[in-house]
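Chemist: Got a structure for you, questions after.
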Amino acid sequence: MSSPPAQIEARLVPSDLTESANTLKTEFTGSPSPTARKSEPISSLREILASEDAESDSLFERFAWLYVFFREKIFRDDTERIVRALWPNGNPPRGTRLIELGCGPGFYSCGLAARFPQISVLGVDRSAQQLKCATAKAHGAALQNCQFDTDDVAHLSHADSSVDAVIAARLFTVLPKQERAVAEMFRILRAGGRCLIAEPRYAFWASLPLYAMWALAGLTRVRNGYCEPGKATVLSPVAFKALFASQPWSRVETWQDGRYQYALCEKG
Numbered sequence: 445m446s447s448p449p450a451q452i453e454a455r456l457v458p459s460d461l462t463e464s465a466n467t468l469k470t471e472f473t474g475s476p477s478p479t480a481r482k483s484e485p486i487s488s489l490r491e492i493l494a495s496e497d498a499e500s501d502s503l504f505e506r507f508a509w510l511y512v513f514f515r516e517k518i519f520r521d522d523t524e525r526i527v528r529a530l531w532p533n534g535n536p537p538r539g540t541r542l543i544e545l546g547c548g549p550g551f552y553s554c555g556l557a558a559r560f561p562q563i564s565v566l567g568v569d570r571s572a573q574q575l576k577c578a579t580a581k582a583h584g585a586a587l588q589n590c591q592f593d594t595d596d597v598a599h600l601s602h603a604d605s606s607v608d609a610v611i612a613a614r615l616f617t618v619l620p621k622q623e624r625a626v627a628e629m630f631r632i633l634r635a636g637g638r639c640l641i642a643e644p645r646y647a648f649w650a651s652l653p654l655y656a657m658w659a660l661a662g663l664t665r666v667r668n669g670y671c672e673p674g675k676a677t678v679l680s681p682v683a684f685k686a687l688f689a690s691q692p693w694s695r696v697e698t699w700q701d702g703r704y705q706y707a708l709c710e711k712g
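Right, here's the structure in full:
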C-alpha cells in the first residue's frame, strides 16, 4: 500500500517524534494482570504508519493511518462533554484514575491527560498499530500521566472497583459483545464512579471509516478476509438505553445531540 498523501501525514504527525517511547508508569490495579501487555517502543509515528501489517486480519491494523485521519480530523470532538459529564465542576480530583475503552490512536486519552496533569489516564485497545500511534502521540506531548495497553473490553484485566472514570467513543460500532463490555465498565468502576459513552446515531456516518478502509483494501488488492463488518452497528435510542439497563447503575441518563447519542452512568 502506498503511503498516505504527504499533506495529510504532515497535519497528523509531528516532525520531531524521533526518540523511542518511554514506558509510562501508572498504578491502576493492585496486582497487574500478566496478560496485559505494554505497547512496544516506537521510533516515530511516520515509521508506524509506513509499516502497517499487510498480513493482519484487521482493517484497523492494515490501514491504521486512515483511521487516525478520521479520528483526528473528521469525528466530533466530545472533550467538553466528557469533562462536564464526569466532573461537573470542571476539575477532576488529584489521583483520579480514568480508563478509555477502545482508545484507538489516543485522541481523548492524550487530550485529557494533557489538560489534567493531576489524573492518571489509561487507554486500552486490541489494535497494536492504533496503540503504537497513541503511544507516539503521548510521547510527542511529553505526557507522564498517560499509558496505553492491549486489553479486551469484554474481559478487562483490571480489578473490581479499580478506576474512577470510564469513557468510550464509537466502541459499539464494531463490537459484537456490547452487553459484556457494559458489564465490565460497571465492574471496574468504584462506587460513585462515572462512565460516559458516545455512539453515532446514523449508520452511514458511523460506517465512513469502514467504507473507506474496505475501498482501499479493494484498490490495493490486498487479501480479503478482514474481521471487521462491511458497515457499522448503530443502536436505536431505545436499544441504546436498554443496553445500560443490564447493570444496576444508581443513575443512567441517555440523550441525543445531532449525529451522536450519549449515556452517562454512575455506579452506586
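Straight run, no breaks: the sequence shown in the working numbering ends on number 712. Ideal Cβ placement from N, Cα and C applies to all residues, glycine included.
For a test of the three-state rule: what should DSSP assign to Y646, helix, strand or coil?
Modeler: Here residue 646 corresponds to residue number 202 of the sequence shown, with the count starting at 1. Of the three classes helix, strand and coil, the one that applies to Y646 here is coil, per DSSP.
Chemist: Does the contact criterion of 3 or more C-beta pairs under 8 Å hold for the stretch 675 to 684 versus the stretch 640 to 656?
Modeler: Yes, the stretch 675 to 684 touches the stretch 640 to 656.
Chemist: If we call anything under 8 Å between Cβ atoms a contact, is G712 one with A613?
Modeler: Taking the first residue of the sequence shown as position 1, residue 712 is located at position 268. Taking the first residue of the sequence shown as position 1, residue 613 is located at position 169. Not in contact: G712 and A613 (Cβ atoms no closer than 8 Å).
Chemist: Is the separation between the beta-carbon of V568 and that of C590 shorter than 8 Å?
Modeler: In the sequence shown, residue 568 corresponds to position 124, counting from 1. In the sequence shown, residue 590 corresponds to position 146, counting from 1. No, the pair does not count as a contact, with Cβ atoms beyond the cut-off.
Chemist: Below 8 Å on the Cβ atoms is my guess for F513 versus G550; work out the distance and round it to an integer in Å.
Modeler: Stepping through the sequence shown from its first residue, residue 513 is reached at position 69. Stepping through the sequence shown from its first residue, residue 550 is reached at position 106. At roughly 14 Å, the Cβ-Cβ gap does not stay under 8 Å, so F513 and G550 are not in contact.
Chemist: For the alpha helix (DSSP H) that contains R695, what are its first and last residues?
Modeler: Within the sequence shown, the letter at position 251 stands for residue 695. Careful: R695 lies outside any alpha helix (DSSP H), inside the beta strand (DSSP E) at R695 to D701.
Chemist: Between the Cα of R703 and those of S680, V696, R695 and W693, spot the shortest distance and give me the residue it belongs to.
Modeler: Here residue 703 corresponds to residue number 259 of the sequence shown, with the count starting at 1. Nearest of S680, V696, R695 and W693 to R703, Cα basis: S680.
Chemist: Whole angstroms is fine: what's the gap from I563's alpha carbon to G662's?
Modeler: To locate residue 563, count along the sequence shown from 1; it is residue 119. To locate residue 662, count along the sequence shown from 1; it is residue 218. Roughly 43 Å between the two C-alpha positions.
Chemist: Consult DSSP for I563 and reduce its assignment to one of helix, strand or coil.
Modeler: Your numbering for residue 563 matches position 119 in the sequence shown. Coil at I563, not helix or strand.
Chemist: Does DSSP classify T579 as helix, strand or coil?
Modeler: On the sequence shown, position 135 is the one that residue 579 refers to. The answer is helix: DSSP assigns T579 an H, G or I state.
Chemist: Do the CB positions of A572 and V597 come within less than 8 Å of each other?
Modeler: Counted from its first residue, the sequence shown places residue 572 at position 128. Counted from its first residue, the sequence shown places residue 597 at position 153. Contact: no.
Chemist: Three or more beta-carbon pairs under 8 Å between the stretch 537 to 550 and the stretch 507 to 524, yes or no?
Modeler: The answer is yes - the stretch 507 to 524 touches the stretch 537 to 550, with three or more Cβ pairs under 8 Å.
Chemist: Hey, Q574 and A642: beta-carbon distance below 8 Å or not?
Modeler: Position 130 of the sequence shown, counted from the start, is the residue given in the question as residue 574. Position 198 of the sequence shown, counted from the start, is the residue given in the question as residue 642. Taking 8 Å as the Cβ cut-off, Q574 and A642 do not qualify as a contacting pair.
Chemist: Quick one: does the C-beta of D595 sit closer than 7 Å to a heavy atom of the ligand MG?
Modeler: The model on display carries no ligand, and the ligand MG is accordingly not part of it.
Chemist: Taking the continuous alpha helix (DSSP H) assigned at A625, which residues delimit it?
Modeler: Reading the sequence shown from its first residue, position 181 is the one you call residue 625. Its alpha helix (DSSP H) spans residues Q622 to I632.
Chemist: Taking all protein chains shown into account, decide if E628 is buried (16 or more other Cβ within 10 angstroms of its Cβ) or exposed.
Modeler: Along the sequence shown, read from residue 1 onward, the residue named residue 628 stands at position 184. So E628 ends up on the buried side.
Chemist: Short check: CB of L640 to CB of A529, under 8 Å?
Modeler: What you label residue 640 is simply residue 196 of the sequence shown in a count that begins at 1. What you label residue 529 is simply residue 85 of the sequence shown in a count that begins at 1. Yes; because the gap between Cβ atoms is below 8 Å, this pair is in contact.
Chemist: So what's G712 in DSSP terms, helix, strand or just coil?
Modeler: By 1-based counting over the sequence shown, the position of residue 712 is 268. Three-state DSSP puts G712 in coil, outside helix and strand.
Chemist: On the three-state DSSP scale, how would you describe L687?
Modeler: Within the sequence shown, numbered from 1, the residue matching residue 687 stands at position 243. Helix at L687.
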